[in-house]
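Same order as they appear, the protein sequences are chains B and H. For the numbering used here, count along the first sequence from 1 and bump the result up by 454. For the numbering used here, count along the second sequence from 1 and bump the result up by 11. Below: one structure, written as structure tokens.
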Amino acid sequence: MAETVPRPVLELDGLTVRFRLRRGDLTAVDGVSFAIERGQTFGLVGESGSGKSVTAKAIMRLIPDPPGEIPSGRVLFEGSNILDKSDAEMRALRGRRIAMVFQEPMSALNPVFTVCDQISDALRTNLGLSKAEARERVVELLSLVGIPSPQKRLDSYVHEFSGGMRQRVMLAMALSCNPGFLIADEPTTALDVTIQATILELITSMIERLGMSLLFITHNLGVVAHACDRVGVMYASHIVELGDKREIFANPQHPYTVGLLNSIPRLDGHAKYLTPIAGSVCNMMEPPSGCKFHPRCAHAMEVCRREIPRLKEIAPGHLAACHLHDRGTA
Amino acid sequence: MLAYIIRRIAYLVPVLFVLTVVVFTFVEMLPGNIIDTLVGSEGVNDPEVRKILEKEYGLDQPVYVRYAKWLLRAVQGDFGMSLVTRRPVAVELMSGIPATVYLAVVGISLSMLIAVPLGTIAAVKRNTAIDYTAQVTSLIGISIPEFWFAILCVLFFSLYLGWLPSSGFANPFVDPWASLKFLILPAAAVGFRQAAYTTRLTRSSMLDEMNKEYVDTARSVGLSEGKVIFKYTLRNAMIPTITISGLQLANLLGGTVVLESIFAWPGIGRAIFEAILQRDYPLVQAGVLVLGCIVVIMNLLVDLTYRLLNPRVKLG
Chain B
455 MAETVPRPVL
465 ELDGLTVRFR
475 LRRGDLTAVD
485 GVSFAIERGQ
495 TFGLVGESGS
505 GKSVTAKAIM
515 RLIPDPPGEI
525 PSGRVLFEGS
535 NILDKSDAEM
545 RALRGRRIAM
555 VFQEPMSALN
565 PVFTVCDQIS
575 DALRTNLGLS
585 KAEARERVVE
595 LLSLVGIPSP
605 QKRLDSYVHE
615 FSGGMRQRVM
625 LAMALSCNPG
635 FLIADEPTTA
645 LDVTIQATIL
655 ELITSMIERL
665 GMSLLFITHN
675 LGVVAHACDR
685 VGVMYASHIV
695 ELGDKREIFA
705 NPQHPYTVGL
715 LNSIPRLDGH
725 AKYLTPIAGS
735 VCNMMEPPSG
745 CKFHPRCAHA
755 MEVCRREIPR
765 LKEIAPGHLA
775 ACHLHDRGTA
Chain H
12 MLAYIIRRIA
22 YLVPVLFVLT
32 VVVFTFVEML
42 PGNIIDTLVG
52 SEGVNDPEVR
62 KILEKEYGLD
72 QPVYVRYAKW
82 LLRAVQGDFG
92 MSLVTRRPVA
102 VELMSGIPAT
112 VYLAVVGISL
122 SMLIAVPLGT
132 IAAVKRNTAI
142 DYTAQVTSLI
152 GISIPEFWFA
162 ILCVLFFSLY
172 LGWLPSSGFA
182 NPFVDPWASL
192 KFLILPAAAV
202 GFRQAAYTTR
212 LTRSSMLDEM
222 NKEYVDTARS
232 VGLSEGKVIF
242 KYTLRNAMIP
252 TITISGLQLA
262 NLLGGTVVLE
272 SIFAWPGIGR
282 AIFEAILQRD
292 YPLVQAGVLV
302 LGCIVVIMNL
312 LVDLTYRLLN
322 PRVKLG
């Protein structure tokens, strides 16, 4: 517990996001709470559909309403609740204080505007730069994220870049107005394996260099091991385990986390076979009762079917939501 | 780029050849010919006179000979005389083009001015009263036959209210005010129908685009909602809209035969229509050539505009 900063940059408190769909209500994020300290990198891990991206969008207030709604919870950014802000206050926050890097840069960047147009629009809106100043700043940003001969690439369109270069452009755009907090939603997933490490390295070095805090969303525990300080594991709209990276990897407390760790290939030759988690992710339209993980859990008990386990502190700063811990069996 | 344009214009040659052959054949297959028109109108019905006239107009020769002769002269730029007015065909047609272009351009501009904002707002405010109103209105616009809507307009605005002339045309350079009054009803009739299509198209492509991730990106860097929608999203949504509007314009430039007839609009559509009725072969043939050129060139312009709007498209 090195962090002694009094107030976290971002604090989620019981955030719930629901979508009212024609087939019924879908709770995509259910009572999620965690905090990110200043300068910290927080990894939010989970399978597709676990609610990670929805959580990110809720923080940016990008959940479309309808069909989405946030019936309860708070998102405290530097102490004030984002959910209470007016649209204008929210706009003032976006880009300048919080920014986001999306998963698929090809679709997250506008296909019919040049890279310079898009980034400089953000600069001109947020920082009031002139056209020429913005253009100059875009060159700086592009070279900052490692795009070779940025002068020449300024007026290119997104489709004229390679996948890795696109994600660099995306990062340049997110960093353009010096936000203190960055959300990266699976920023390496859509990239070639060979590029993934480079982009990951770039993001973490940028964060360090600019003294930013980062919420890193991924389904890849390997990426978490590399980049994050603290980790939250999400399963079916709930946070099931929360703790420092070392704790999570060395001493996982939730059966789901254990399962995730067992399904990572290891290069040191300890295990011959991977152990996948049995079953598949539950249908979120009709989630199982009690603990969402119980149908796939080897340790499932009677109580797991009835009651949703609450997050409990197992060791200082290490929380898990599992009934196994109620009985002191962990 | 230039090579592409030249190649596209070269396509005109086969297109026009096939077009004139088909039209020549069809007009030939129609019962009656120019002699009936002339003889009938002059009250003469003497087989001898008919023979002489047919020889004079070259109608005693087989159709392929006549086509070959026509083609030979046409490639030299000689489209012949109108059989009815005895004036050069080129003059007859050229006199119709300005009126047609005038109506088509004003009609399409009007439709875009209505449809693009309306379709965008309908998409942004989807499933609200505004959206439903826009949708129902455009459904009506698509469903009502153009000529019927035109006649209703004439009934209401000309006969009942007496605000606007029911038909006619005035040169906008000579008398702009009178010209505008003549223009309003036909332009509204053209614009309303085209706007009906364009509104629906704009709405649906806006809805598609608004679900794309770049919209969230634009929001996530703090741009205003107006900019996100009207600059970043609309520019993408306009790609199909512009394409279709360009094709609509090509159609209208080919002459809105029915509307030009209703409003006595002296355009190319009406000229060709009357030429067909009177079996005025040279005029029909040349008219079809002009229409063919218009359609091919408009398609080319649409493709070039498309390239401007959508940088991902490469011409080749």
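Note that beta-carbon positions come from the ideal geometry of N, C-alpha and C, so glycine has one too.
THR228/H: contacting residues in chain B (beta-carbon distance under 7 Å): Indexing the second sequence from 1 puts residue 228/H at position 217. Those are PHE556, ALA562 and LEU563, listed as they occur along chain B.
Three or more C-beta pairs below 8 Å linking the segment 540-554 of chain B and the segment 220-234 of chain H: yes
Short CB-CB distance (under 9 Å) between PHE473/B and chain H: The residue given as residue 473/B occupies position 19 in the first sequence. Not closer than 9 Å to any Cβ of chain H, the Cβ of PHE473/B fails to qualify, so no.
ILE637/B vs ALA510/B beta-carbon contact at 9 Å: Taking the first residue of the first sequence as position 1, residue 637/B is located at position 183. Taking the first residue of the first sequence as position 1, residue 510/B is located at position 56. Yes, these two residues count as a Cβ contact at 9 Å.
CB-CB length for THR495/B against PHE635/B, believed under 8 Å: Position 41 of the first sequence, counting from 1, holds the residue named residue 495/B. Position 181 of the first sequence, counting from 1, holds the residue named residue 635/B. Contact flag wrong, Cβ pair sits at about 11 Å.
Cβ pair LEU191/H, PRO183/H closer than 9 Å: As a working note, residue 191/H is residue 180 in the second sequence. As a working note, residue 183/H is residue 172 in the second sequence. In this structure, PRO183/H lies closer than 9 Å to LEU191/H by Cβ.
Distance, ARG211/H Cα to TYR143/H Cα: Taking the second sequence and counting its residues from 1, the one referred to as residue 143/H is at position 132. Taking the second sequence and counting its residues from 1, the one referred to as residue 211/H is at position 200. Just so you know, the alpha carbons of TYR143/H and ARG211/H end up roughly 11 Å apart.
LEU245/H: contacting residues in chain B (beta-carbon distance under 9 Å): The residue given as residue 245/H occupies position 234 in the second sequence. Correct list: empty, because the minimum Cβ distance to chain B is about 10 Å.
Extent of the continuous alpha helix (DSSP H) to which PRO559/B belongs: By one-based count along the first sequence, residue 559/B stands at place 105. First-last of the alpha helix (DSSP H) with PRO559/B: 559-562.
Inter-residue spacing [alpha-carbon to alpha-carbon] between GLU590/B and ALA553/B: Locating residue 590/B in the first sequence gives position 136, counting from the first residue. Locating residue 553/B in the first sequence gives position 99, counting from the first residue. In a straight line, the C-alpha of GLU590/B is about 21 Å away from that of ALA553/B.
Terminal residues of the beta strand (DSSP E) in which MET40/H lies: Counted from its first residue, the second sequence places residue 40/H at position 29. Segment 23-40 is the alpha helix (DSSP H) holding MET40/H; no beta strand (DSSP E) there.
Cα-Cα separation between MET455/B and ASP575/B, rounded to whole angstroms: For the purposes of this step, residue 455/B is taken as residue 1 along the first sequence, with counting starting at 1. For the purposes of this step, residue 575/B is taken as residue 121 along the first sequence, with counting starting at 1. In this prediction, MET455/B scores a pLDDT of 47, lower than 50, which makes its location untrustworthy; the coordinate-derived value is nonetheless stated afterwards. In a straight line, the C-alpha of MET455/B is about 41 Å away from that of ASP575/B.
HIS779/B versus MET514/B: straight-line alpha-carbon distance, rounded: For this step, residue 779/B is matched to residue 325 along the first sequence. For this step, residue 514/B is matched to residue 60 along the first sequence. C-alpha of HIS779/B to C-alpha of MET514/B: approximately 34 Å in a straight line.
Opening and closing residue of the alpha helix (DSSP H) in which ASP484/B lies: Position 30 of the first sequence, counting from 1, holds the residue named residue 484/B. Per DSSP, ASP484/B belongs to no alpha helix (DSSP H); it is in the beta strand (DSSP E), 478-490.
Any C-beta of chain B under 9 Å from that of SER178/H: What you label residue 178/H is simply residue 167 of the second sequence in a count that begins at 1. Not closer than 9 Å to any Cβ of chain B, the Cβ of SER178/H fails to qualify, so no.
GLY179/H versus GLN72/H, PRO58/H, GLU67/H and GLY278/H, residue with shortest Cα-Cα distance: Start at 1 with the first residue of the second sequence, and residue 179/H comes out as number 168. Checking every option, the nearest Cα to that of GLY179/H belongs to GLY278/H.
Candidates THR111/H, GLN146/H and VAL269/H, of which the one nearest ALA261/H by Cα: Locating residue 261/H in the second sequence gives position 250, where the first residue counts as 1. Nearest option by C-alpha distance: THR111/H.
Residues that TYR225/H contacts on chain B, provided the C-beta gap is smaller than 7 Å: Within the second sequence, numbered from 1, the residue matching residue 225/H stands at position 214. By Cβ distance, chain B contributes SER561, ALA562, LEU563 and ASN564.
Backbone secondary structure at ASP142/H - three-state DSSP: Translated into the one-based positions of the second sequence, residue 142/H becomes position 131. ASP142/H: helix per DSSP, three-state reduction.
DSSP bridge partner residues for ARG77/H (one or two, in chain order): Locating residue 77/H in the second sequence gives position 66, counting from the first residue. In the DSSP output, where bridge partners are listed per residue, ARG77/H has none listed.
Coarse secondary structure for TYR317/H, derived from DSSP in three states: The residue given as residue 317/H occupies position 306 in the second sequence. Three-state DSSP puts TYR317/H in a helix.
Burial state of PRO709/B (16 or more Cβ within 10 Å): Along the first sequence, read from residue 1 onward, the residue named residue 709/B stands at position 255. When all chains shown are included, PRO709/B counts as buried.
Cutoff 6 Å; reference LEU302/H; Cβ partners in own chain excluding five residues on either side: The residue you call residue 302/H lines up with position 291 of the second sequence. Only GLY265 meet the Cβ criterion.
Residues near PHE168/H in its chain [Cβ-Cβ closer than 7 Å; skip 5 each side]: In the second sequence, the residue the question calls residue 168/H occupies position 157. Once the five neighbours on either side are set aside, the close Cβ partners of PHE168/H are TRP174, LEU175 and LEU196.
Cβ of ASN580/B within 9 Å of any chain H Cβ: Residue numbering aside, residue 580/B sits at position 126 when the first sequence is read from its first letter. By this cut-off, ASN580/B is an interface position.
contact_flag[the segment 467-486 of chain B, the segment 516-525 of chain B] where n(CB pairs < 8 Å) is 3 or more: yes
Within-9 Å CB hit, LEU765/B to chain H: For the purposes of this step, residue 765/B is identified with residue 311 of the first sequence, where counting begins at 1. No, no contact with chain H.
Closer than 7 Å at the beta carbon, the chain H residues around LEU516/B: On the first sequence, residue 516/B is found 62 positions in, with the first residue counted as 1. Those within 7 Å of LEU516/B in chain H are ASP227, ARG230 and SER231.
Test: LYS136/H CB closer than 9 Å to a CB of chain A: Although the question refers to chain A, the structure presented lacks it and instead comprises the protein chains B and H.
Assigned secondary structure, HIS673/B (DSSP; H/G/I helix, E/B strand, else coil): What you label residue 673/B is simply residue 219 of the first sequence in a count that begins at 1. Residue state, collapsed to three classes: coil.
Cβ of SER787/B within 9 Å of any chain H Cβ: Nothing can be reported for residue 787/B: it is not among the residues displayed for chain B, which extend from 455 to 784.
Status (buried if at least 16 other CB within 10 Å, exposed otherwise) for MET688/B: Position 234 of the first sequence holds residue 688/B. Buried, by the Cβ-count rule.
First and last residue of the uninterrupted alpha helix (DSSP H) at ALA546/B: The residue labelled residue 546/B in the question sits at position 92 within the first sequence. Taken as a continuous stretch (DSSP letters only), the alpha helix (DSSP H) holding ALA546/B covers 541-547.
C-alpha gap between LEU320/H and ASP639/B, whole angstroms: If you number the second sequence from 1, residue 320/H lands on position 309. If you number the first sequence from 1, residue 639/B lands on position 185. The alpha-carbon atoms of LEU320/H and ASP639/B are separated by roughly 30 Å.
Pair within 9 Å by beta-carbon distance, ARG461/B and GLY533/B: In the first sequence, the residue the question calls residue 461/B occupies position 7. In the first sequence, the residue the question calls residue 533/B occupies position 79. In contact: ARG461/B and GLY533/B (Cβ atoms closer than 9 Å).
Contact list for the segment 311-324 of chain H against chain B, Cβ threshold 8 Å: The residues in question are LEU320, ASN321, PRO322 and ARG323.
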